Amino acid sequence: MGIDDDPYHMHISRLTIDKLGVKLYDKVSAVVAELVANGYDADAELVVVELPLAIALATKGDNKSDPPKDLGFQIVVRDDGHGMTPQEAQDLFLVVGTDRRTRPSGGSRSRKKLRSVMGRKGIGKLAPFGICRRIEIISSGGEPNADGYLTSHFILDFDEIVQDAGGSVPLPKGKLDRTRRPKSGTEVVLSQFLPKRVPSVDVFTRQLARRFALSAPDFSIIVTDTQTADEYAIPQFQVAIKDATKVDVGDRPVPYDGGFLPVTGWMAFAVESYRDEEEAGVRIYARGKIVATTRDFEQPAGFTGEFTARSYLVGELHAEWLDADDDEDLVRTDRQAILWDSEKGSALREWGMKLIREVAKGASGERRIQNADRFLAISNLAKRAADRYSDESVVQAALDLGRQIGAFANEDELADPDYVDGLTEVILAVAPHQALVGAFRRISDQVDTSMEDLLSLFGQTRVAEMASYAQIASERVQSIDQLREVIKDPETVEADLQAVISRAPWLVRSDWSVITDNQGLKAFRDQFETYFEKRFHEKISVAISHDTKRPDFTLAHIGRTLYVVELKKPNKKFGNADYDRLLNYIVALDEFFANNQSAKEAFPDGYVVELIADGVNITEPSKRLLFASWLKDHKVNRSTWIDFLARAQVALEEFLSARDAAKANAAAMHGQSPTT
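The sequence shown: position 645 = 626 (my numbering), numbered continuously.
See below:
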């Protein structure tokens, strides 16, 4: 026969087994689940899994090229199903990749119990190669005679099977092949393992339980720990949920192509965020076996409630149409997901997203309350607030803030002591301000009130105001200490120091307040920069309070005066070039004030230059004389860095001392011990 007469042939590499086994199944529970499903499809009523729990099945070789070190363990999965005769094993089991549901005689239903079979693709039998290199099959089935059921017994050796050659693979027979046994059923023995670990009993049983959602009274799974002989039944998989969030989807079919696709089950929010992978997400089943797990129905990142959904959403959905006999196969081979981009998958995705919003809405209030309670308990906020503030209104303000902020805290990070402590410090810092605002609000809300009520409210306002200012003063003292460290750094540049002053103008005068005409100061700054450039043909950068630029000098509006801050680096002297630059500033300021009435109105007392320099080295006599006159007339006030910081700190510490004395007196009047 010539080439024109020969039929075409396709050769499938045996390496396909490697791709379908090793690459798809890498967990012991996933492999066992495939073998359990085979038992279910074979009408088994009991499947027994024997394996060592909480132990490594093998270890890695000494070198990367060395094979794993086998530790001599076995995993046995035994069922009491109808089993296979040698002929059935050859015709049905040992043919890879055939769809059993397309068989002429009842392929989509089991033989006796007419169960909807879970298997479809014909590759689940290869799953064990994901964790081991040797599979032994012992199966007894067919019609029994007086001696029992005919047995097939053969061995699958991975290294022999995956040799890159076409055609069939001869398999060695076991000693029980063609013998008879008293009971039907199949036993699968796995050995020669890869470096895999069997988890603890709790984890393994949960992993196995979540893969099945079978409520059939005639099917059960038992796990036996071969190290202890302890037996464990596989229960129905359960997650503790918030009942108020549960949504039954039995009457919520999926809209599709002008009709509906039926879905049963439920979705809800868990009581706690996911503790392990087994609890995570909504489990989707078809024919009683898991086909996908999703935390968000494959929504793109950034949707409303994303964090909550991906931390709390759980559920159990049954959609038989995902694995229907007469429709396209929508289940991924490893049963970890469905084909979400298919038409039906997209419909399920849209349906699921709407339900997520509904579940989240029912959970938000209760979850925030629990979050707030948890934060208050972990942070010990009540005690810390009482230790810091003697006034009850400030303590209560701290607790109110703690409840409000704690409700929206990052739940996972509430287990982080640094996160909780940082959040607590922010709340304690803001509490006096909150108490002050609350006191003012209560005064404004009064319509008909007695003098006694007003005196009480004003007293609360004064206490809250004192605590608020004390908090500010304490923080400023800490800032001065930090600035002292910064100026010790020889790499610090003058522009950076100017930026610091611009963000903390209270360093210039302790009575600086944020309640100033900042818009007027900005207008002055912009106009003066323009004027200076025209006058001296040089661009300058001027900063005002809380500016972020690196300026040439800084402006601060304090009282009726404009303060101009010029400085030198610590340990640097104010020299001739510095004098020339300052002279230009002063000339420009004098001219600007003389020619602009708006400047005079904004700053009735004019301007003062605050010069921070650790020494003066003006060598030209005329310049020295003019500089001395500026100092004498207080047009320029010079301070060393030590004096500058000390003056700011003394003013703040005097306030803190007065605060502490007032607190002690108030406590003494009420017979209490003062607290800090």
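Quick reminder that beta carbons are idealized off the backbone N, C-alpha and C, glycines included. It should be emphasised that the depicted structure is a prediction, and the values quoted were computed from it without experimental measurement.
query, result
"Close beta carbons around Y544, own chain, < 6 Å, minus the five adjacent residues each side", "V489, A537, V589 and E591"
"Backbone CA spacing between P551 and W622 [nearest angstrom]", "7 Å"
"Cβ pair V244, R233 closer than 8 Å", "yes"
"Contact belief for I461 with L626 at Cβ below 8 Å, rounded distance in angstroms", "5 Å"
"Proximity of M99 and D199 at Cβ, strictly below 8 Å", "no"
"Bridge partner(s) assigned by DSSP for A249", "V295"
"DSSP state of L137 mapped onto helix, strand, coil", "strand"
"Three-state secondary structure assigned by DSSP to G(-17)", "Any answer about G(-17) is weak, because its pLDDT of 47 lies below 50 and its placement is not dependable; what the coordinates show is given next. In this structure, G(-17) counts as coil in the three-state DSSP scheme."
"Close beta carbons around L464, own chain, < 7 Å, minus the five adjacent residues each side", "V481 and L626"
"Rounded straight-line distance, which links the Cα of V401 to that of H527", "Note that H527 scores a pLDDT of 49, beneath 50, so its modelled location is shaky; the value from the coordinates is reported in the next line. Straight-line Cα distance between these residues: approximately 28 Å."
"Q217 classed as buried or exposed, judged by whether at least 16 other C-beta atoms fall within 10 angstroms", "exposed"
"Simplified DSSP state of L21, which is helix, strand or coil", "Inspection of the sequence shows that residue 21 is occupied by Tyr rather than by Leu. Here Y21 sits in helix by DSSP."
"Those residues which DSSP pairs with S172 across a bridge", "R115"
"E168 vs I119 beta-carbon contact at 8 Å", "yes"
"Own chain, CB closer than 6 Å to E15, minus 5 neighbours either side, in chain order", "G105 and A108"
"Endpoints, the beta strand (DSSP E) within which A214 is located", "E212 to A214"
"Candidates R115, I203 and R187: closest to F139 by CA position", "R115"
"Pairwise C-alpha distance: T66 and R162", "11 Å"
"Length of the line joining the Cα atoms of H414 and K8", "56 Å"
"First through last residue of the alpha helix (DSSP H) which encompasses R563", "What sits at residue 563 in the sequence shown is Leu, not Arg. Element bounds for L563: N557 to N576."
"Buried versus exposed, by CB contacts within 10 Å (16 or more), F396", "The amino acid occupying residue 396 in the given sequence is Ala; Phe does not appear at that position. Label assigned to A396: exposed."
"Beta-carbon gap between V228 and W247 smaller than 8 Å", "yes"
"Secondary structure of G129, DSSP reduced to three states", "strand"
"Per DSSP, the bridge partner or partners of E547", "L592"
"Element boundaries [alpha helix (DSSP H), containing E475]", "E475 to R484"
"Cβ-based burial, F513 [other Cβ within 10 Å; buried from 16]", "buried"
"Touch test, the stretch 125 to 133 against the stretch 171 to 191, Cβ-Cβ under 8 Å, three pairs minimum", "no"
"Those residues which DSSP pairs with N618 across a bridge", "E591"
"C-alpha gap between K616 and V407, whole angstroms", "41 Å"
"Same chain, Cβ closer than 6 Å to V28, neighbours up to 5 away in sequence not counted", "V17, G20, D60 and I202"
"Inter-residue Cα distance where the pair is T40 and T473", "56 Å"
"Beta-carbon separation (whole angstroms), G166 vs G231, contact threshold 8 Å", "Actually they are not in contact, since the Cβ atoms of G166 and G231 sit about 37 Å apart, beyond 8 Å."
"Cβ contact check for the stretch 296 to 314 and the stretch 262 to 271: 3 or more pairs under 8 Å", "yes"
"Counterpart residues of L27 in DSSP-defined beta bridges", "S201"
"Cα-Cα separation, A251 to I222", "4 Å"
"Close-in-space but distant-in-sequence residues of the same chain around N352 (CB under 8 Å, 5 per side omitted)", "G387, A388, F389, A390, E392 and L395"
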